[in-house]
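Encoded as structure tokens, the structure appears first; notes follow it.
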Amino acid sequence: MKDAFDPGAPARPDSGLFGLDAGPDEARVHVLAVPFDATASYRKGAAGGPAAILRASRQVDLFDAVTGKPYEAGIWMAPPDPVVERWNDAATEHAARGDAEAVDGIGDELNAFVHERVREALSNEKLVGTLGGDHSVPFGAVRAHAERFPGMGVLHFDAHADLRVAYEGFTWSHASILHNVATRIDGVGTIVQVGLRDLCEEERDAIARSGGRIRALFDHEWAEARFAGEDLRALVRRTLEPLPNDVYVTFDVDGLDPTLCPGTGTPVPGGLTWHEAMLWLGEVVRSGRRVVGFDLTEVAPRDEPQQGDGWDAIVGARLLYRLIGFALRSGR
Ligand SMILES: [Mn+2]
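First residue of the sequence shown? That's 239 in our numbering, and the numbers climb one at a time after it.
Listed below in structure tokens is the structure:
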């Protein structure tokens with residue numbers, strides 16, 4: 239006879255994400271792992287994110303003081319499809335040779351793959367979180383959500399605006415994801431960006447010329463508000479105000495203070511503390527908005543495997559669990 243599930247017991251080393259055993263049919267939450275980082279421009283490593291987060295997730299306590307019992311919904315992560323690894327290897331070689339056209343061709347295939355996987359899960363009423371990989375990965379996931387939840391807003395956590403019109407020649411660059419989302423996907427409404435502290439003039443102008451469609455709260459503005467003793471909760475609420483009821487969250491981990499993600503590909507000093515990030519996510523839910531889906535990208539483990547997974551994966555696993563928990567709490 240199978241033992242009753244004890245959420246307080248240690249996870250088995252071969253168990254699924256967060257030590258859970260739910261299969262794809264029973265689990266309400268599907269995590270799509272996409273270990274792809276071929277367009278990483280500075281330091282690679284995000285392709286190792288899903289495997290490291292899976293290992294670190296088994297150590298996360300299932301009861302969560304803030305969001306309750308997300309595990310009760312059932313959480314399942316599909317084993318990464320070997321085709322993604324092949325695409326990643328091939329695209330990395332093309333990128334090293336400067337063959338942007340070949341990299342973009344693989345990006346087209348990856349986008350179609352992610353779109354189809356997420357579309358299918360959404361049609362089965364799943365809550366879907368896409369786990370990168372670099373920030374180029376979730377384009378197809380955003381498209382699938384925008385088809386399912388037309389008019390949805392996007393809440394974007396990142397040190398970077400990701401509004402470049404291609405980067406290093408790559409159309410599907412991690413540095414262009416929000417440009418691509420804003421210009422290539424029908425059904426995406428207002429975009430709110432948080433944590434930004436590293437951007438080029440072209441990106442600043444894109445925000446300024448968007449007619450209010452893209453709003454940014456820059457990291458230095460956040461810091462100034464903190465220094466001035468402003469009511470940060472009120473500032474969060476004001477900043478979220480332009481978002482519609484349905485919100486998709488795209489979370490590049492480098493939006494956080496790099497002490498929480500030292501291995502990430504393009505770290506920048508500054509950024510959100512853990513509790514500040516939780517304030518943002520919590521206020522989305524408390525405002526009555528619905529988190530329709532999300533992605534988490536750019537978590538790059540640096541430690542040697544024999545030392546166990548380090549800080550990046552531990553933070554990534556806990557951030558993933560909170561994203562799931564907040565989305566479930568929002569009525570998704
Ligand atoms: Mn970034």
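Ideal Cβ positions, reconstructed from N, Cα and C, are used throughout, including at glycine.
Since the structure is predicted, the reported quantities are computational estimates derived from the model, not experimental observations.
The Cβ atoms of residue 316 and residue 270 sit closer than 8 Å to each other. The Cβ atoms of residue 431 and residue 452 lie closer than 8 Å to each other. Per the C-alpha coordinates, the member of 521, 428, 301, 385 positioned closest to residue 449 is 428.
Pairing residue 304 with residue 326, the inter-Cα distance amounts to about 36 Å.
Only exposed fits residue 307, as fewer than 16 other CB atoms lie within 10 angstroms of its CB. Contact check for residue 434 and residue 372: beta-carbon distance about 18 Å, past the 8 Å limit, so the pair fails to qualify. In the structure shown, the three-state DSSP call for residue 314 is strand.
Of all alpha-carbon atoms in 549, 531, 548, 552, the one lying nearest the alpha-carbon of residue 564 is that of 531. The segment 522–536 and the segment 364–379 touch, with three or more beta-carbon pairs separated by less than 8 Å.
Runs of the alpha helix (DSSP H) lying entirely within the segment 387–437, each at least 4 residues long, are 415–422 in chain order.
Inclusion of residue 504 in the 7 Å shell around ligand 1 follows from its C-beta lying nearer than that to a non-hydrogen atom of the ligand.
Taking non-hydrogen atoms of ligand 1 into account, the C-beta of residue 397 is found less than 7 Å away from one of them. Taking C-beta atoms as the reference points, residue 313 and residue 260 count as a pair closer than 8 Å.
By the C-beta density criterion, residue 280 is exposed, having fewer than 16 other C-beta atoms within 10 angstroms.
349 is the residue among 349, 294, 540, 335 whose C-alpha sits nearest the C-alpha of residue 321.
In this structure, the CA atom of residue 491 is about 24 Å from the CA atom of residue 344.
Within its own chain, the residues whose Cβ lies closer than 6 Å to the Cβ of residue 391, once the five positions on either side in sequence are excluded, are 427, 428, 481, 482, 485, listed in chain order.
Ligand 1 has no heavy atom closer than 7 Å to the beta-carbon of residue 439.
Only exposed fits residue 362, as fewer than 16 other CB atoms lie within 10 angstroms of its CB.
By the criterion of a C-beta distance shorter than 6 Å, residue 276 is surrounded in its chain by 326, 329, 330, 333, once the five residues flanking it on both sides are discounted.
Among the bridge pairs identified by DSSP, residue 464 is matched with none. In summary, residue 466 is exposed, with fewer than 16 beta-carbon neighbours lying within 10 Å of its beta-carbon over all protein chains present.
Counting only residues of its own chain and dropping the five nearest sequence neighbours on each side, residue 272 has a CB closer than 7 Å to the CB of 322, 352, 368, 369, 370, 371, 375. Just measuring C-alpha positions, the residue of 554, 510, 462, 455 sitting nearest residue 501 is 554.
In the three-state reduction of the DSSP assignment, residue 454 falls in the strand class. The beta carbon of residue 252 sits no closer than 7 Å to any heavy atom of ligand 1.
Taking all protein chains in view, the Cβ of residue 412 is crowded by 16 or more other Cβ atoms within 10 Å, so the residue is classified as buried. Following the DSSP letters along the chain, one finds residue 551 inside the alpha helix (DSSP H) bounded by residues 549–567. Between the alpha carbons of residue 404 and residue 247 lies a gap of roughly 47 Å.
Per DSSP, residue 272 is one residue of the beta strand (DSSP E) stretching across 267–272. Look at residue 458: its beta carbon is at least 7 Å from all of the heavy atoms in ligand 1.
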